[in-house]
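Below: the structure, in structure tokens.
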Amino acid sequence: GEYTSAEDYCSKEVEPTSVECGQIQIISLCEHLGVRISVVYLDGNGTGDETLAYSFGPENRSVTMHLLYRPGHYDVIYSNETE
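The opening residue of the sequence shown carries number 30 in the numbering used here; numbering runs sequentially from there.
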């Protein structure tokens, strides 16, 4: 779509709950939170038992947020690792 400003884009593509989050929104979230985001996609595009995984944001971030994508929905994956 065409947008007249960043505010217009956000009001149409970021704020509505009926719009799926895309790469631009994920990269913006990385920058805003100062983290790296790893997304595992469970949308049927992998072959067999394989899943597709992508990471966004600078590799030198000390914190990585993990998300699980299912069509129309993201879940935050929490690690049970202890430091």
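Note that the Cβ used here is the ideal one computed from N, Cα and C, for glycine as well.
Neighbour-count burial assignment, I66, 16 or more Cβ in a 10 Å radius: buried
Using the Cα positions of A35 and T46, report the straight-line distance between them to the nearest angstrom. 18 angstroms
Delimiting residues of the alpha helix (DSSP H) encompassing Y38: 35-42
Taking just the CA atoms, how far does L71 sit from R99? 5 angstroms
Under the assumption that M94 contacts V48 (Cβ atoms under 8 angstroms), give the Cβ distance between them as a whole number of angstroms. Rounded, the Cβ-Cβ distance is 20 angstroms, inconsistent with contact.
Could you work out which residue in V69, D104, R90, Y103 is closest to H61 when comparing CA atoms only? R90
Using 10 angstroms around the beta-carbon of I55, count the other beta-carbons present and answer buried if the total reaches 16, otherwise exposed. buried
Helix, strand or coil for L62? Go by DSSP, reduced to three states. helix
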